[in-house]
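Since the structure comes first, as structure tokens, the remarks are kept for the end.
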Amino acid sequence: MRVFLLLCLFSLFISTLPAQENSNERKTSDAEIQRIELEIKSSSLPELAVWCRSLGLSEGGTRADLAQRLRAHFNMAEPGDESTSNQIPLDIKSAQSAEYFRIEITDEDYARLKGGVSITLKDSDAEHNVKADEILFNRSRNLITARGNVEYTRLKGESTEIFKGDNINVNIDNWSAVFLDGDFEKKLENDNTAYRFEGMVITRNEDDVMVLNDARISNANNEEALWSISASRLWLLPGSDFAVFNAVLNVGEIPLLYIPFFYFPVDEIVFHPVLGYRSREGAFIQTTFYILGRPRANTAEQSSLTRILGNSNDMEKRQHGLFLRSIGTKSKDPNDTTLKAMVDYYTNTGFYLGIDYAMPKKGILNPLDLTFGLGFTRTISLINGNYNPYAPMFDGTFDWNKSNLFSLSVPFRYRLRTQSSISGKYGQLSWNIPFYSDPYVDRDFLNRSENMDWVNMVQQGAAADEAAWAQQELGAYNWNINGRITPQIKNLSPYITNLSFSTISTTLAFKGITDDEIAAANRTNNSENPAMIFFAPDKFTIYNISASISGTPLSLGGAAGGSTAAEKTEYPEFEETFQGLGTPRSPWQADDNTSEKVKTDDQLIPPVLNQRFDLPRAGNLRFSIDYQLSPASSTELQFMSGYGRWKSYDMVKWDEVQSVLSNLSGNGNISMRMDHSSGLFSNAVTLSGTGTLREYSYLNEEAEAYRTPQRPDGNKDPDRITEARRQQYGQTNYSSSYSYNGSLRPFYNYPVFSSTNLQYTLSGILVRSKKYIDGDSPELTPQWGTWAKTETKDGEDIYGLSSHRLTASFGADIINNQQNFSLSADLPPLDGLISANATLRAWISETNARIEFKNPEIIDNEPNNEWKPAPFYLTETLKFNRIGQLSFSMIMDPEKDNSITSITSSLQLWDFRASFNAVELRKSEFVPDNPNYPSLGGKWTLLAEEEPVLNPRDLTLSYSHTFPARDIVRNRLNYSLYLNTRLFFDLQRYTSSNFEFRFGFTLGINNFLDFNIAVVSQNNIIFRYFKNVPGMEDLTFMYSDGPQNNIFIDLFDSFSFWDESKRRRSGFKMNNFSLKATHYMGDWKAILDISMSPYLNNTLSPPRYELNTAVSFLVQWSAITEIKSDINYEKKTDRWSIK
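Take the sequence shown: its letters are residues 1 to 1139, numbered as in UniProt numbering.
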């Protein structure tokens, strides 16, 4: 019994063991599954394939297929099944081992990756990459700790930041981080530079504030820092503001500047104050307060410090106190609504108040711009080279300026401009309305800046170029309101297919008038009173309307040729039976035994024809009538603004009108067309007409314009009144014309000869008004056209035919070469004219020939009945594909016994060009000023006793080529060349021949030196080198004997720097010589630029040529380009300048 009880207890104990083992297995299965998931994510494709092979699974497929196969083997869910909405996706690029564990005490899950770890995390606007020997990831708190050769890269916008160190802790919820003994690089893509920031401890909080202890800033492009800034502490604040404490600027190892503390406010200030001084306005402060929006980005105003610290102009900004600080996100709408107020004060001229409003497109309202300002200014005088607002009384009082506002005197100057438009479905309304008190208002008030860049302000001031702005003056301006209406008239089609009012506008023009009294005071006191010129209304276009209407009320005939009713029949669509089943595949395997045939050079292969041969089509007959009308009307009012009536702005009266001119005009046409739909024939008859009616609806006969003399005290002149009306009567007229165009293409169905056609054109004047000569009303008497040519004969205008021509053209497309021949003739009653033109093309050759035969009615005021041939033109061109081409053309005159009057030939082979010209002319003869000494000079005269014959005129040879850069020592030393030469021979006036030589050479030592030489040389006495050539004695007698006639000696003498007489004697003269050397010294560069060229010194008596030398030397720091020294010297002005 005891033994049985012990056996039962033992059996019960044994039965509980598997249960405990299964319980423990379930406890560890979750951790094991997470470990396996990390292994899958961190494994490469070959590693996953080996893993599947070891488990007896298939190893084929993509990485995703293998990962899915492994998860299915371990009964694991896909990652997408779990909710990851609150987690940042982590991508494990590589890791040699992965471990997942959980600390029960803190209830936190960890993952440890070892061995060449690389992970990537992405948030909304940046990408983060971390590489390290070991990474510990706290999944519960989203903390990453990396150790050993840590490299952290953040890609955000246009900047790239690279952190390197021994240890880093990152909170991926807000991306705050702590680096120990690390550094980071910041790369700027826009200027291809990089900067290194180092620190013993680097911290960055969630507000993107970075603090570096024991910091050092240097250039990242060089292993050895050529410059650096060392500081006990460096703050990099959001929006690119920064501050340093206890800093030293070093160039190399030499300390140059100690900075106890410095704060640089890169961010924009809300009210944008700008301080400065200008000689005319005096000291000034300009403030701009942005009520809505923010300033537009201007990268040209950024300093180097701004670019280094990455203040992007397209970032969203938020107001913090007085600053607009970047919040690190891209601006959603950089062109949002802006409203800014401007308050400026100038110690000499006064102050200015203004507003600017800009609104982007909203609905039917297009972008709107509105600017308005008031200026309260004083008259200033130039006394002893200085501007003074107290002159000329010097009693402490000012002369405050006034202006005219709609004939009212106001104590301020003003400027207004508004521009926008409204667009709708059926039209548009736009306006542009400027309004200024005087021409100088923009010059005085818009020479301003909003730049808060203190570096540039200290260096060159905040104002723009004062000299350039001093010349800014406003001229005449207009108020414009324009409209356009395009209604939809589909219901009236085809009777009216288009109806539009293209122009509906009104315009008021202003012009500047000088106040003689104020102008005289300005000249007397040497002062500047802007009221010297005021704006007054000049011309008012009350309305200007133009419209257009067109339609095709009648259209008969079928569609394009060849289409039949069967082709237009529409059948219902049926669903495809086998749709979605895939692509059918043959059950029999077809072996492709075809092999590509290789072309051999010893075979005669006919050329490939790219022509189409279409089947003939019958075509249909089509007939249509269409019309087009374009009426226009306008009324223009002229103010009495001229002839000295308004001498000052208080005399301007808007009711003083000189005239009101009305204009009514229009043109239209109606066409009847009958053609063949396939192009067999076409016919078009067009009747067109145009007319203009101009008349004064009001004419003020008391205006100064109609007085003699033309001033207020002049006498009324009836002749001027009559002449003004007659000018408008002379512009009142009407005319009507007709035209017919017909063509026939007999071979339209044959592609080879389809361009062959026969054309007939006829056009002339049907009726028009007689020319106005005299009278008290427009000349509207009709003058009908006749069957005669349009001309003026014996002082009488004859209206008739302007064109009457028959043309036959033959065209053939043979082996992709179009051959053309055309013959045309002007038919009676026009003067007889027959012209022929032929173009033949074969292989590389293209030949063109043309000639005309004329039978004018009168030649040299004498009747003529004979046909006269015109010159015959022949052109031959040989094209050698990319190599070049050879062309030859000549003109032969049959009236001169078929003599050739002109020859032109040209050759182009690669970079070489040659041309030769010969024309019919009289020869020239050189006549020396002193026959005994012809080398002292002379002139060329035409030989009057000789008849013009064909003579060579000129010959030109040229070569131009840019040689690509070539390495002398690979990646160390290279050079490049540029060569351009031109030799010109004047074969009539030989002394005008010349030679020009341009040469450029560049030698580069990588990252050390670029050396450039450019030379331009010219020789204008090149023909003297033929003096010793047998048979050339009579052509070169004007040149004196001597060694200079040897081209090689003369060329050598041009380089005889030790002998000035030889250089003066040489014909090779330097037009320009420049030398430029750029020395790269790490973060510094030095540029030496020397340029020499001759100039005529007119200050000498007699004037003579001298050599001008311009030298510039620039030393610039690449890191902060504002730190530079620029020295310039020019011998011509003998002036040094240092910037």
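Where a beta carbon is used, it is the ideal one built from N, C-alpha and C, also for glycine.
None of the values given here were measured: they were computed from a predicted structure.
Cβ separation of residue 234 and residue 244, assumed to be a contact under 8 Å, to the nearest whole Å: Yes, they are in contact, since the Cβ atoms of residue 234 and residue 244 sit about 5 Å apart, within 8 Å.
Kindly give me the distance between the Cβ atoms of residue 183 and residue 166, rounded to whole angstroms, as I take these residues to be in contact under 8 Å. Beta-carbon to beta-carbon, residue 183 and residue 166 are separated by about 11 Å, too far to satisfy the 8 Å threshold.
Following the continuous alpha helix (DSSP H) through residue 729, name the residue where it begins and the one where it ends. 718-730 is the extent of the alpha helix (DSSP H) around residue 729.
Any chance the segment 478-498 sits against the segment 425-440, with 3 or more Cβ pairs inside 8 Å? Judged by Cβ distances under 8 Å, the segment 478-498 makes contact with the segment 425-440, as three or more pairs qualify.
Tell me residue 186's beta-bridge partners as DSSP assigns them. In DSSP, residue 186 forms a bridge with 161 and 195.
Looking at the unbroken beta strand (DSSP E) that takes in residue 784, where does it start and where does it end? Start and end: 782-784.
Collapsed DSSP secondary structure at residue 393 in the structure displayed: In this structure, residue 393 counts as coil in the three-state DSSP scheme.
To which residues of the same chain is residue 1068 closer than 7 Å at the C-beta, ignoring the five residues directly before and after it? For residue 1068, where only same-chain residues beyond five positions count, the Cβ hits under 7 Å are 1017, 1019, 1050, 1051 and 1054.
Give the single residue among 738, 821 and 811 whose Cα lies nearest to the Cα of residue 799. Selected option, being the one with the closest Cα: 738.
In terms of residue numbering, what span does the beta strand (DSSP E) encompassing residue 49 cover? Where residue 49 is concerned, there is no enclosing beta strand (DSSP E), although the alpha helix (DSSP H) it sits in stretches over 45-54.
CA-to-CA distance, residue 830 to residue 846, given in whole angstroms: Rounded to the nearest angstrom, the two C-alpha atoms are 34 Å apart.
Reduced DSSP secondary structure (H/G/I, E/B, other) of residue 892: Note: residue 892 maps to strand in three-state DSSP.
Keeping to the same chain, check which residues put their C-beta closer than 8 Å to that of residue 842; ignore five residues upstream and five downstream. 817, listed in sequence order.
Do residue 206 and residue 171 count as a contact pair if the criterion is CB distance below 9 Å? Going by C-beta atoms, residue 171 is nearer than 9 Å to residue 206.
Would you kindly report the start and end of the unbroken beta strand (DSSP E) that includes residue 1049? Counting along the chain, no beta strand (DSSP E) covers residue 1049; the unbroken alpha helix (DSSP H) around it starts and ends at 1047-1053.
Run through DSSP, which three-state label would residue 107 get? Residue 107: coil per DSSP, three-state reduction.
Is there contact between the segment 631-650 and the segment 536-551, where contact requires at least three CB pairs shorter than 8 Å? In short, these stretches touch, since the Cβ pair count reaches three.
Output the distance between the C-alpha atoms of residue 219 and residue 444, rounded to the nearest integer angstrom. Those two C-alpha atoms are separated by around 44 Å.
Three-state class that DSSP yields for residue 1154 in the structure shown: This structure cannot speak to residue 1154, because the chain is shown only from 1 to 1139.
As a quick exercise: from 394, 387, 381 and 377, pick the residue whose alpha carbon is nearest that of residue 403. Nearest C-alpha to residue 403: 377.
Apply the 10 Å Cβ neighbour rule to residue 526 and answer buried if 16 or more other Cβ atoms are within range, or exposed otherwise. Exposed.
By a C-beta neighbour count over all protein chains shown, 10 Å radius and 16 as the cutoff for buried, is residue 939 buried or exposed? So residue 939 ends up on the exposed side.
Determine the extent of the alpha helix (DSSP H) in which residue 66 is found, giving its start and end residues. Unbroken alpha helix (DSSP H) run through residue 66: 63-73.
Same chain only: Cβ atoms within 6 Å of residue 45, ignoring 5 sequence neighbours per side: Excluding sequence positions up to five before and after residue 45, its CB lies within less than 6 Å of the CB of 63, all in the same chain and listed in chain order.
For residue 518, the first and last residue of its enclosing alpha helix (DSSP H): Here the alpha helix (DSSP H) through residue 518 covers 516-525.
Quickly, what does DSSP pair residue 1070 with across the bridge? List them, please. Answer is 1017.
Looking at C-alpha atoms only, which residue of 703, 544, 648 and 676 is the closest neighbour of residue 662? Selected option, being the one with the closest Cα: 544.
Could you tell me whether the segment 669-686 touches the segment 622-629, using the rule of 3 or more Cβ pairs below 8 Å? Judged by Cβ distances under 8 Å, the segment 669-686 makes contact with the segment 622-629, as three or more pairs qualify.
Can you tell me which residues form a DSSP beta bridge with residue 981? Answer by DSSP bridge pairing, in chain order: 959 and 997.
With a threshold of 8 Å, are at least 3 pairs of Cβ atoms found where one atom belongs to the segment 344-351 and the other to the segment 280-296? Counting C-beta pairs with one atom in each stretch, the segment 344-351 and the segment 280-296 have three or more that are closer than 8 Å, which means they touch.
Going by alpha carbons, who is nearest to residue 824 out of 805, 657, 944 and 446? Residue 824 has its Cα closest to that of 805, out of 805, 657, 944 and 446.
Spatial neighbours of residue 227 in its chain, beta-carbon cut-off 7 Å, leaving aside the 5 residues before and after: Within the same chain, residue 227 has close Cβ partners 218, 219, 250, 251, 1083 and 1119.
Under the rule that 16 or more other beta-carbon atoms within 10 Å means buried, what is residue 728, buried or exposed? Buried is the call here.
In chain order, what residues of the same chain lie with their CB nearer than 8 Å to the CB of residue 148, ignoring the 5 residues before and after it? Contacts found: 132, 133, 134 and 166.
Would you decide whether residue 400 is buried or exposed? Buried here means 16 or more other CB atoms lie within 10 Å of its CB. The residue in question, residue 400, is exposed, as its Cβ has fewer than 16 Cβ neighbours within 10 Å.
Start and end of the beta strand (DSSP E) containing residue 1060? Looking at the DSSP string, residue 1060 is not in any beta strand (DSSP E); the run it does join, the alpha helix (DSSP H), is 1060-1065.
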